[in-house]
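Numbered per numbering that gives the first Met the number 0, the sequence shown spans residues 0 to 128. Quick notes on the structure that follows.
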Amino acid sequence: MDLIKKAIKVRENAYAPYSNFKVGAAIKSETGDVFCGCNVENAAYPQGTCAEAGAIAAMIANGQRNITEVVVAADTESPVTPCGGCRQKLAEFSHSDVVVVFANLSGEVGRMTINQLLPGAFNKEQMEK
Ligand code: THU
């Protein structure tokens, strides 16, 4: 199953009773493994987590560190781009040229690189003296 299909499939498991906006994310690591996540909302709204955060957590828990491809899926006509916080989270584990695909339930509707999504991203190199 390709990455787009996996993102669309995991979206079905999203817990989004407050926004009614389900999101799925699938990321591929440099080993070719695929990790999926969905948004998980909470009655205490700020405690909700995004689909991308879930997929990244699954990758890290599996011992992987480097993202090579990302798909974010939602039930929209136009592309759903990752929120600001997720752009920063994805940038932590991606080269600037990693492509993020935006998909609706019919498939791909857009793509941008990490650098296009978060130009001038703050990163660990900036903390070096
Ligand atoms: N959401 C994501 O899962 N990823 C994003 O990049 C954008 C927003 C979720 C958070 C919340 O559960 C719902 O979509 C509405 O904002």
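Positions of the beta carbon are idealized from the N, C-alpha and C atoms, including for glycine.
Outcome for residue i when other beta-carbon atoms lying within 10 angstroms are tallied against a minimum of 16
i    : result
K123 : exposed
E51  : buried
A25  : buried
G53  : buried
E107 : exposed
E40  : buried
N38  : buried
R121 : Just to set this straight, residue 121 is Phe in the shown sequence, not Arg. F121 comes out exposed.
C89  : Checking the sequence, you will find Leu at residue 89 rather than Cys. So L89 ends up on the buried side.
G23  : buried
R86  : buried
A128 : It is worth fixing the name first, because residue 128 is Lys in this sequence and not Ala. Exposed, because fewer than 16 other Cβ atoms sit within 10 Å of the Cβ of K128.
L104 : exposed
Nearest candidate by alpha-carbon position, reference residue i, set the options
i   : options                 : result
G84 : R110, N61 and T48       : T48
S28 : I113, T112 and F92      : F92
E76 : C82, D96 and F101       : F101
M58 : P78, Q125, G36 and P45  : G36
A43 : R10, A15 and L89        : A15
K8  : G119, A73 and G62       : A73
P81 : D32, G62, G119 and Q115 : Q115
E68 : S95, P118 and L117      : S95
G62 : P45, N12 and F34        : F34
Boundaries (first-last residue) of the alpha helix (DSSP H) holding residue i
i    : result
C132 : Because the chain here runs from 0 to 128, residue 132 falls outside it and cannot be looked at.
K5   : L2 to R10
Range of the contiguous beta strand (DSSP E) that encloses residue i
i   : result
A25 : V22 to S28
V33 : V33 to C37
Check: residue i C-beta below 6 Å from any heavy atom of the ligand FAD
i   : result
C85 : No copy of the ligand FAD occurs in the structure displayed; its ligands are the ligand THU alone.
Only counting runs of 3 or more residues, tell me where the beta strand (DSSP E) segments fall wholly within the stretch 42–117, in order along the chain. 66–73, 93–103 and 106–112
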